[in-house]
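Q: Once you've had a glance at the structure underneath, I'll fire off some questions.
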Amino acid sequence: MPDWLRSVEEGTVISLHVQPRASRNEIIGEQDGALKVRLTSPPVEGAANKLCCEIFAKTCGVPKRNVSILSGEKSRQKRLLVSGLSVAVVQEKIEEQIKR
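Under numbering that gives the first Met the number 0, residues 0 to 99 are what the sequence shown spells out, in order.
Structural data, given as structure tokens:
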């Protein structure tokens, strides 16, 4: 299991390094023990946080309400909770997305 994934009672926690104002939305891969994500949104009024949750909800195939930010709302380093999915399922879905 990668360092950026952790199993918790509610589901799976993903440690992220977010790069806002990128040219496109994409999950890059591991960087310094975190999963690197590029987002087109600026880090203003929670726009990048909202987009981040939407991307991971779509990637993992869960409703948006099942993805939330646990910590780092005003930081590039974030911890995201995907409720109701195991680490194995989340890892598989993310790895499929990275390969595209």
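We put the CB at the ideal spot given by N, CA and C, even for glycine.
Any idea what DSSP makes of Lys35, helix, strand or coil?
A: Of the three classes helix, strand and coil, the one that applies to Lys35 here is strand, per DSSP.
Q: Should Val40 be labelled buried (16 or more other beta-carbon atoms within 10 Å of its own) or exposed?
A: Note that residue 40 is Ser in the sequence shown here, rather than Val. Classification for Ser40: buried.
Q: Report all residues from its chain with a CB closer than 8 Å to the CB of Ile54; omit the five preceding and five following residues, and keep chain order.
A: Counting only Cβ-Cβ distances below 8 Å, and skipping sequence neighbours, we find Asn24, Ile26, Val36, Leu38.
Q: When you compare only the Cα positions, how much space is there between Val43 and Val88?
A: Going from the Cα of Val43 to the Cα of Val88 covers about 31 Å.
Q: In whole angstroms, what is the alpha-carbon distance linking Trp3 and Gly60?
A: Approximately 19 Å, taken between the alpha carbons.
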